[in-house]
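The structure under discussion appears below in the form of structure tokens.
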Amino acid sequence: MIIELGHFALALALFLALIQAVVPMAGASRRLVGWMEVGRSAALGQFALVALSFAALTHAYVTSDFSVANVVQNSHSAKPLLYKISGVWGNHEGSMLLWVLILALCGAAVAVFGDNLPRELRARVLSVQGMVASGFLLFILATSNPFERMIPTPGDGNGLNPVLQDPGLAFHPPFLYLGYVGSSVAFAFAVAALIEGRVDAAWARWVRPWALVSWCALTVGIALGSWWAYYTLGWGGWWFWDPVENASLLPWLSGTALIHSAIVVERRDTMKSWTILLALLTFSLALVGTFLVRSGVLSSVHAFAVDPERGVFILGLLVLAIGGSLVLYAVRAPALQGGGLFAPISREGALVFNNLLLATATATVLLGTLYPLFLDAVGGAKISVGPPFFNGTFLPLMVPLLMAMVVGPLLAWKRGDLLAALQRLWVAFGCALAVVLGGLWWAGFGPVLAVLGLGLAAWIAAGVLSEWGERVRLFRVPLRDSWRRAAGLPRAAYGMSAAHFGMAVMVAGIAGQAFEQERIESLRAGDRIALAGYELVLREVRRVPGPNFIADEAEVEVRRGGVVVDVMRPQRRLFTVQGQTTSLTAIRTGLAADLYLALGEGDPASGWTIRAYHKPIVSWIWLGALVMALGGVVSLTDRRWRVGVAARRAAAVPAAAE
Amino acid sequence: MRVFLLLFVLMAPAWAVLPDERLGDPALEARARALSRELRCVVCQNESVDDSAAPLARDIRVLLRERLAAGDDDRAAMGFLVARYGDFVLLRPPVRADTWVLWFGPFAVLLVGGVVTVLALRRRAGGVGPQKLSAEEEVRLAALLRDEEGRR
Amino acid sequence: MGRWVYFVPLALFAALAGYFGVALFSGRDPRELPSALIDRPMPAFVLPGLGDGGGVTAAGLRGGVVVVNFFASWCAPCRVEHPLLLRLARQERVHVVGIAYKDRPEDSRRFLAELGDPYRGVGVDRDGRVGIDFGLYGVPETYVVDRAGHIRKRFVGALTPLVVERELLPLVRALERP
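Sequence order for the protein chains is G, Y and W. When we follow the working numbering, the leftmost residue of the first sequence carries the number 3, and every step to the right adds one. When we follow the working numbering, the leftmost residue of the second sequence carries the number 29, and every step to the right adds one. When we follow the working numbering, the leftmost residue of the third sequence carries the number 758, and every step to the right adds one.
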């Protein structure tokens, strides 16, 4: 009964979405207030219905209702509660339902928090949201219905894949979808602006918080996925340039370009048509990513069960949404001519440089991901495009961008003085130089690229602090005055500093991986491995029974300077029902380094294979990403963009001079 | 910060780079590891032969080491595998006529992007520059300026 | 130039969508991998037999059209395709040769005793090297080799009646024609 209710709610939601798609748009053209306001109620109603639908499916999973086909395929009564819930979105149909739930949430958020928007703009934005939602709701109802019943009802489900029962994997999709789907709001704003024929500083100020939220969520989602891969896959890799990983990176790159170019639109009323294009592009890339993952066109470890019929439908949605918006762009964008001029060396110039490199990086990743597909489609050879290609093309693009990242904020608008800016960064340069020289002295010229990477990280970190020091006139006015200035700085400035600083931390963590040490040995009880100043002693390997598995557990003593500092217990589990073996890595996480152990095959007589890694500052990779996302959140709290502020107050606040 | 984590991993019966696969000569072993990282595990989803736990990956790792120990240089050893599995086994796509777009694409995009940007910005600047004054306007301007001077 | 540059994104997307459409409708399985040895000579190999004498060599197979089938006793899909191989060998009189991939000879013997032996000869590839020489991905895999000893087609995975009817048998017949 609940299931049928959920199904019905979804159908009703589609109906509301269609209304939301048509009525407010018509109302905006004809200036009919009543029609425009329908958008808000429809959006809220749609959210309520989709939420109900999602709750119904979740209920089925939690109660292990095996009369529902989706639950049978993906769940099992013995699963812990957390994984029953996360199992809801661990499959194609359920994850699509999560997708439309977040889409509806975005629409509702615009309806609730969009008080500061002009009525026509809000109506059009909600309309576009409604169109996208209609497309996806139709897709679910037509091809991917999670509410199908399975009669006769089996006794239990099939879904006990141990790999999927993991906390990181549970939270990775919701954050990722928040990022993907959240970019639909910026998309809607762009389409609305094109229809209206007007893009101005106010538009940029309205759209930026929405773009930021989705960017923050995407940053966290990608970082979670990477972290999960690290502790799961047994050799400590954290990024593989897998097509589906790339599919999540593409909207992130484009989204980063968007939040930067929107600054220029807001401040200087220029770069408008480019920013609009970026807003369209970011969501388009999210849609392309969805297509790649679910259509079976690319094979990947992430790909859901593939079905050409679904692929065709999604392709149709792509053509309508992306094709439609790009037609609109081609026709209307020329009218969006800009205002301010600026010299090539200026804050705007730096942001243009940022966008150029990010756009090229996006194109590069897209090219590398799709090239094997293209070549195959035209009947050419089958090739692989793997990490060597991406590392060789993506990294050289990022380096100039990262170097310029701390110079840009020191340049003035309209016309900047590059020499003066660089002079203010002499401390940063000194730090970077010290790190590089120190690194070369300590590690030699072998890992020279990694040492340079560490130098780059130092440059960015010190540069961020230098820029802050400039703003508060540190050491040039009394400390009390600096303090006052610091307190008065807009939150967005701190957000930027934090995000850029987070980037530095992440770059350092990535560079640090070149100094990883690995030992793979076959050990008997009592044998030891020496690794990076630690001594790892295998005490014994025990048989440990579990609820549905039998495990071999190795007890490894970690000694430093003769003193036992820890005991690590990697496991190797045999699941008796499936006959599948999985292994549990044991990781000792530290700020300075991770100790990473994995247990392989073996027996007491001939010894057990133990893989041990010492990974310096690897946790900085995800810490850095977290700091970046926090920087974004801090920016969001800037009062200049507070959504919901009454219209007259918004009009009274002048653009703050810095 | 000592966080002790125990987490799940998917593992096949074999294990990547077992101790018994390793060559005695560290230089050869280093070459083997480097080359293994450039080879795709053809029965896996996007893993290198060095990382993969699949049996076929292990066979290829052992085979590669044998070829290196027999004196093959890097190109010959890789060529041995490409002759059997095609270019698909290379994670770094070869630079050929049909991959020019792939390898030179990024640079081309950067170049084209840069040119378009410069043109777009310059076109905008060109339209809104100071206009030259006509001769008559110059005279009037001079007269006005003289008046200003006089009044001070 | 001005107005037309705004159509570039649309044009690029149209090309992308076109490629996606072609990829979807071509029905091609992205996991399907063509053999690198098509139209090239079969790798030269010399393999011992299952213990009752015999064995298989590449040179010995030349002169006629041969179907080379890689199998193993531990391979479940091999069991599924085995009746088709029997049919090919007995009814259709195709020269089928088997290579036991990474299998113990006694296990392979037991497999053939249980399911029937369609092979005119069986080679034992204990370490799988001959498999790698063929560019094998796993078992079962079946290769069609012509008179001159060139590999003409590879079938990855278990043979199905449809594949045998539509592709394998017609190819063998075509190659057999003088």
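Glycine included, every Cβ here is placed at the ideal spot set by N, Cα and C.
Query                                                                                                                                        : Result
Start-to-end residues for the beta strand (DSSP E) that takes in residue 519 of chain G                                                      : 519–525
Run of the alpha helix (DSSP H) containing residue 72 of chain G, from where it starts to where it stops                                     : 71–76
Neighbour-count burial assignment, residue 478 of chain G, 16 or more Cβ in a 10 Å radius                                                    : exposed
Continuous alpha helix (DSSP H) stretch holding residue 154 of chain G: start and end                                                        : Element bounds for residue 154 of chain G: n/a, residue is neither H nor E.
Nearest-angstrom Cβ-Cβ length linking residue 1 of chain G and residue 449 of chain G, presumed shorter than 8 Å                             : Absent from the structure is residue 1 of chain G, since the part of chain G shown begins at 3 and ends at 660.
Residues of the segment 384–406 of chain G whose Cβ lies closer than 7 Å to any Cβ of chain W, in chain order                                : 384
Buried or exposed (CB count within 10 angstroms, at least 16 for buried), residue 269 of chain G                                             : buried
Distance between residue 453 of chain G and residue 441 of chain G (C-alpha atoms, nearest Å)                                                : 6 Å
Contact the segment 136–150 of chain G vs the segment 89–102 of chain G: 3+ CB pairs below 8 Å                                               : yes
Host beta strand (DSSP E) of residue 887 of chain W (start-end)                                                                              : From DSSP, residue 887 of chain W is part of no beta strand (DSSP E) but of the alpha helix (DSSP H) over 886–891.
Cutoff 7 Å; reference residue 185 of chain G; Cβ partners in own chain excluding five residues on either side                                : 216, 253, 257, 284, 285, 288
Alpha-carbon to alpha-carbon, residue 472 of chain G and residue 486 of chain G                                                              : 14 Å
Beta-carbon spacing of residue 138 of chain G, residue 105 of chain G below 8 Å                                                              : yes
Buried versus exposed, by CB contacts within 10 Å (16 or more), residue 552 of chain G                                                       : exposed
Beta carbon of residue 396 of chain G nearer than 8 Å to that of residue 363 of chain G                                                      : yes
Inter-residue CB distance, residue 91 of chain G and residue 175 of chain G (contact presumed, cutoff 8 Å)                                   : 5 Å
From W:878, W:922, W:890, W:774, residue whose alpha carbon lies closest to that of residue 805 of chain W                                   : W:878
C-beta contact flag for residue 201 of chain G and residue 338 of chain G at 8 Å                                                             : yes
Cut-off 6 Å between Cβ atoms - residues of its own chain near residue 909 of chain W, not counting five sequence neighbours on either side   : 901, 903
Chain-order list of residues whose beta-carbon lies under 8 Å from that of residue 433 of chain G (same chain, five-residue window excluded) : 460, 461, 463, 464
For residue 179 of chain G, the nearest candidate out of G:250, G:112, G:425 (CA to CA)                                                      : G:250
Residue burial classification, residue 656 of chain G (beta-carbon count within 10 angstroms, cutoff 16)                                     : Because the pLDDT of residue 656 of chain G is 44, which lies under 50, any placement of that residue in the model is unreliable, and the number read from its coordinates should be weighed accordingly. Residue 656 of chain G should be labelled exposed.
Spatial distance of residue 210 of chain G from residue 559 of chain G (CA atoms)                                                            : 52 Å
Length of the line joining the Cα atoms of residue 294 of chain G and residue 606 of chain G                                                 : 46 Å
Proximity test, Cβ basis, 8 Å: residue 556 of chain G and chain Y                                                                            : no
Contacts of residue 101 of chain Y in chain W (Cβ-Cβ under 8 Å)                                                                              : The premise fails here: residue 101 of chain Y is roughly 20 Å from chain W at the closest Cβ pair, so nothing lies under 8 Å.
Between the CA atoms of residue 634 of chain G and residue 501 of chain G - distance to the nearest angstrom                                 : 7 Å
Limits of the unbroken beta strand (DSSP E) element including residue 552 of chain G                                                         : 551–562
CB contact below 8 Å: residue 763 of chain W versus chain G                                                                                  : yes
C-beta contact flag for residue 767 of chain W and residue 329 of chain G at 8 Å                                                             : yes
Residues bridged to residue 576 of chain G [DSSP beta-bridge criterion]                                                                      : G:552, G:583
Residue 54 of chain G and residue 11 of chain G closer than 8 Å at C-beta                                                                    : yes
Euclidean distance between Cα positions of residue 359 of chain G and residue 181 of chain G                                                 : 22 Å
Ordered list of alpha helix (DSSP H) runs contained in the segment 98–133 of chain Y, each at least 4 residues                               : 102–113
Cα-Cα separation between residue 89 of chain G and residue 177 of chain G, rounded to whole angstroms                                        : 15 Å
Residue 570 of chain G classed as buried or exposed, judged by whether at least 16 other C-beta atoms fall within 10 angstroms               : buried
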